[in-house]
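I have placed the structure first, in the form of structure tokens, so that the comments after it can refer back to it.
Numbering (the UniProt record's numbering), first residue to last: 1 to 372.
What follows is the structure, encoded as structure tokens:
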């Protein structure tokens, strides 16, 4: 399996990976684990990810190698139960030094707030003498690793630079750390298109601190006259829900509708669940790589789909969604999607939809309404 640039930098520094138990945080799923365990076969290697696609890939790897020292977990944060999963000695559960990680490897996130979150999440599960490695793209802020991690990491320094990436290492600052997910939600009030909401969002989630321009254009121009009333009745889907702005808006504007929301990120799923909760609204929210976990059909899909993956523009997931969503709409169902004006979604929509309208084009965003 080919190695990502991040993994290649680590393999160049394989001596830094010597440990008893290691946890990798939101790291690309590639052949790194093979290189690592070939060099250190006694190491217990645990992948933690908040990305559903990565979790699905790790599930396949684990199923293919059930007796290896490789394990994984998916969720908003590492837990004690997940921390236990890589231990072979089950009798050592009460001994922190046997159950904690003596090495953590963090894929440097795009969001500075998410880095702080990741360190806080890890801290209760690291040994007192644990080492922490950061690896990330040079354009992604990795050069600020020492400054941004100083509350948890000392002596953070650069080890290597290659493949347009850098590797930093530091020593964990021992302490009595506690982690509570509730402490990391950011709440803000929102008024959009005549609807008042309170939004809750975890670090790294889209629209974490304020409403993004694209979603605002979408909600201010949701089609009503162009669509039959039944389009906002029955089951509605918010694809790529982020902090749950669209879900909450639809639930409040159309209380009789059944709201379903999904996102590839566990942090987004938790944020949308919290947003619905604080607004006394209901909806089904779950993690999904595209529409892979979706069952049933919808009368209307409303979305501001993501087109960024890390630092790079990435269209494949959204294009796949646009091609698949007609299969998830009832007869006469509709898709309303907002996108940057430069994204040419009309030809893709034309493959599966009978009618396509551009209802608005303003502030660099276009809203498309497509009907099956």
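Cβ atoms here follow ideal geometry from the backbone N, Cα and C, with glycine treated the same way.
What does a CB cutoff of less than 7 Å around residue i pick up in its chain, not counting 5 residues either side in sequence?
i           : result
residue 114 : 203, 204
residue 189 : 198
residue 350 : 356
residue 223 : 336, 359, 369
residue 283 : 247, 251, 259, 260, 261, 276
residue 163 : 5, 8, 9
Would residue i pass as a contact of residue j if the rule is Cβ separation under 8 Å?
i           : j           : result
residue 275 : residue 256 : no
residue 10  : residue 135 : yes
residue 373 : residue 306 : In this structure the chain extends from 1 to 372, so residue 373 is not present and cannot be described.
residue 46  : residue 181 : no
residue 391 : residue 21  : Nothing in the structure corresponds to residue 391, since the chain is present only between 1 and 372.
residue 26  : residue 5   : no
residue 112 : residue 140 : no
residue 359 : residue 372 : no
residue 328 : residue 294 : yes
residue 37  : residue 68  : yes
residue 299 : residue 354 : no
residue 217 : residue 342 : no
Which one of the options has the shortest CA to CA distance from residue i?
i           : options            : result
residue 125 : 157, 166, 178, 155 : 178
residue 291 : 122, 242, 262      : 262
residue 108 : 253, 7, 327        : 7
residue 173 : 195, 140, 207, 130 : 130
residue 127 : 23, 273, 252, 333  : 23
residue 268 : 252, 242, 258      : 242
residue 148 : 176, 118, 298, 137 : 118
residue 74  : 230, 287, 221, 40  : 287
residue 122 : 66, 48, 187        : 48
residue 15  : 103, 259, 342      : 103
residue 285 : 296, 299, 259, 297 : 259
residue 120 : 138, 79, 99, 142   : 79
residue 279 : 330, 297, 246      : 246
residue 340 : 233, 315, 31       : 315
residue 254 : 233, 237, 266      : 233
residue 161 : 12, 345, 361       : 12
residue 361 : 175, 296, 31, 221  : 221
residue 61  : 210, 30, 346, 40   : 30
residue 296 : 175, 57, 64, 331   : 331
residue 196 : 211, 184, 206      : 211
residue 184 : 142, 116, 237      : 116
Give me, in chain order, the residues of the same chain whose beta-carbon lies closer than 6 Å to that of residue i; leave out the 5 immediate sequence neighbours on both sides.
i           : result
residue 169 : 133, 159
residue 70  : 33, 45
residue 219 : 192, 193, 249
residue 227 : 334
residue 201 : 186, 208, 243, 271
residue 237 : 260, 298, 301
residue 406 : Outside the shown range of the chain (1 to 372) lies residue 406, about which nothing can therefore be said.
In chain order, what residues of the same chain lie with their CB nearer than 8 Å to the CB of residue i, ignoring the 5 residues before and after it?
i           : result
residue 146 : 153, 156, 157, 168, 170
residue 325 : 239, 291, 301, 335, 352
residue 53  : 264, 289
residue 28  : 4, 6, 7, 54, 107
residue 94  : For residue 94, the pLDDT reaches just 44, beneath the cut-off of 50, and the residue's location in the model is therefore unreliable, although a value from the coordinates is still provided. Around residue 94: no qualifying Cβ.
residue 229 : none
residue 144 : 112
residue 310 : Low confidence applies here, because residue 310 scores a pLDDT of 46, under 50, leaving its location unreliable and the question unanswered by this model.
residue 214 : 304, 338, 339, 340, 365
residue 363 : 213, 217
residue 56  : 289, 292
I'd like the span of the alpha helix (DSSP H) that includes residue i, first residue to last.
i           : result
residue 202 : Note, residue 202: premise wrong, no alpha helix (DSSP H); not H, not E.
residue 251 : 245-253
residue 321 : 316-324
residue 33  : 32-39
residue 272 : 266-278
residue 187 : That residue, residue 187, is in no alpha helix (DSSP H); its beta strand (DSSP E) goes 186-192.
residue 105 : Run containing residue 105: none in the alpha helix (DSSP H); it sits in the beta strand (DSSP E), 101-107.
residue 12  : 5-12
residue 114 : 112-122
residue 347 : 346-350
What are the partner residues of residue i, as DSSP defines its beta bridges?
i           : result
residue 356 : 370
residue 157 : 169
residue 259 : 236
residue 45  : 22, 70
residue 50  : Residue 50 is not bridged to any residue.
residue 365 : 340, 362
residue 195 : 192
residue 162 : 165
So residue i is in the beta strand (DSSP E); what residue range does that whole segment cover?
i           : result
residue 136 : 126-137
residue 214 : No beta strand (DSSP E) holds residue 214; the alpha helix (DSSP H) holding it covers 213-220.
residue 281 : Premise fails: residue 281 is in no beta strand (DSSP E) and is neither H nor E.
residue 142 : Here residue 142 belongs to no beta strand (DSSP E), and DSSP marks it neither H nor E.
residue 299 : 298-303
residue 329 : 329-340
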